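Working notes, structure below.
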Amino acid sequence: EDKVVQSPLSLVVHEGDTVTLNCSYEVTNFRSLLWYKQEKKAPTFLFMLTSSGIEKKSGRLSSILDKKELFSILNITATQTGDSAIYLCAVVGNNDMRFGAGTRLTVKP
Amino acid sequence: NAGVTQTPKFQVLKTGQSMTLQCAQDMNHEYMSWYRQDPGMGLRLIHYSVGAGITDQGEVPNGYNVSRSTTEDFPLRLLSAAPSQTSVYFCASSYRLRDTQYFGPGTRLTVL
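Residue numbers (our numbering), protein chains in the order written: chain S, 1 to 109; chain B, 110 to 221.
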């Protein structure tokens with residue numbers, strides 16, 4: 001059965017820290033992996049990854065995919081209180097998009 | 110563009126009642142889907158559609174029906190509401206399955 005596992009489930013850091021969020025997956029016929037940020041309402045898109053080893057970067061956020069080991073990481077450097085959110089990893093397989101449970105990140109001042 | 114819209118934003122039902130959650134998108138997306146989000150469980154796929162007239166079950170389809178008569182609309186029907194269906198429901202759409210999905214604002218449903 002397809003599954004997506006995120007770790008840790010929750011994380012508390014202080015402003016300025018660097019964090020690494022993990023996403024491992026087992027999906028039939030992998031097509032892509034996506035990262036979303038969810039604050040109070042609907043998830044918003046961060047990155048889509050389809051190829052191994054190519055880093056996607058947006059400001060202080062970056063992500064990379066390893067299709068051999070079946071995982072992805074999301075890095076956030078110099079964290080700010082505005083980064084506090086749930087970060088969701090989703091993997092597209094044959095017919096659907098499967099989400100992990102999410103990592104709840106709290107950044108304290 | 111309105112993007113993905115959902116109505117209602119909040120709903121309280123009694124056990125056994127039926128209702129329809131509305132979802133519409135104006136981006137001409139082929140792929141639409143419904144998720145439910147429960148604490149600690151992420152988003153779970155209920156039903157999805159790859160185009161008008163085509164729907165299929167996701168991870169947790171029991172107790173829900175969908176139809177896709179037009180590209181724009183993808184309503185979700187609860188046949189006989191149960192307390193286990195208390196959740197936040199999100200509708201999403203994309204050009205294709207593997208593309209970025211755009212989410213609606215969500216519907217918070219409580220079944221008493």
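The beta-carbon is built from N, C-alpha and C at its ideal position, and this holds for glycine as well. Only a predicted model underlies this, so the values are computations on that prediction, with no experimental measurement involved.
Span of the beta strand (DSSP E) around residue i
i            : result
residue 92/S : 85–92
residue 7/S  : 3–7
residue 11/S : 10–14
Helix, strand or coil at residue i according to DSSP, with G and I counted as helix
i             : result
residue 106/S : strand
residue 129/B : strand
residue 81/S  : helix
residue 138/B : coil
residue 120/B : strand
residue 51/S  : coil
residue 210/B : coil
residue 205/B : coil
Bridge partner(s) assigned by DSSP for residue i
i            : result
residue 75/S : 20/S and 62/S
residue 57/S : 62/S
residue 82/B : Within the shown structure, residues of chain B are numbered from 110 to 221, placing residue 82/B beyond reach of any answer.
May I ask you to verify whether the stretch 125–135 of chain B touches the stretch 61–68 of chain S, counting CB pairs closer than 8 Å and requiring at least 3?
no
Contained beta strand (DSSP E) runs [length at least 3] in the stretch 144–199 of chain B, N- to C-terminal order:
152–160, 163–166, 173–175 and 185–187
Do three or more CB pairs link the stretch 99–109 of chain S to the stretch 199–206 of chain B at distances below 8 Å?
No contact exists between the stretch 99–109 of chain S and the stretch 199–206 of chain B.
How do the stretch 170–187 of chain B and the stretch 12–19 of chain S stand: do at least 3 beta-carbon pairs fall below 8 Å, yes or no?
no
Complete beta strand (DSSP E) runs within the stretch 21–45 of chain S (minimum length 3 residues, chain order)
The beta strand (DSSP E) runs lying completely inside the stretch 21–45 of chain S and spanning 3 residues or more are 32–38, given in chain order.
Pairs of beta-carbons, one from the stretch 35–53 of chain S and one from the stretch 136–143 of chain B, closer than 8 Å: are there three or more?
no
With a cut-off of 8 Å, do at least 3 Cβ pairs link the stretch 78–94 of chain S to the stretch 161–168 of chain B?
Fewer than three beta-carbon pairs drawn from the stretch 78–94 of chain S and the stretch 161–168 of chain B are found closer than 8 Å, and the two stretches are therefore not classed as touching.
Check whether the stretch 77–93 of chain S touches the stretch 177–186 of chain B, counting contact only when three or more Cβ pairs, one atom from each stretch, lie closer than 8 Å.
no
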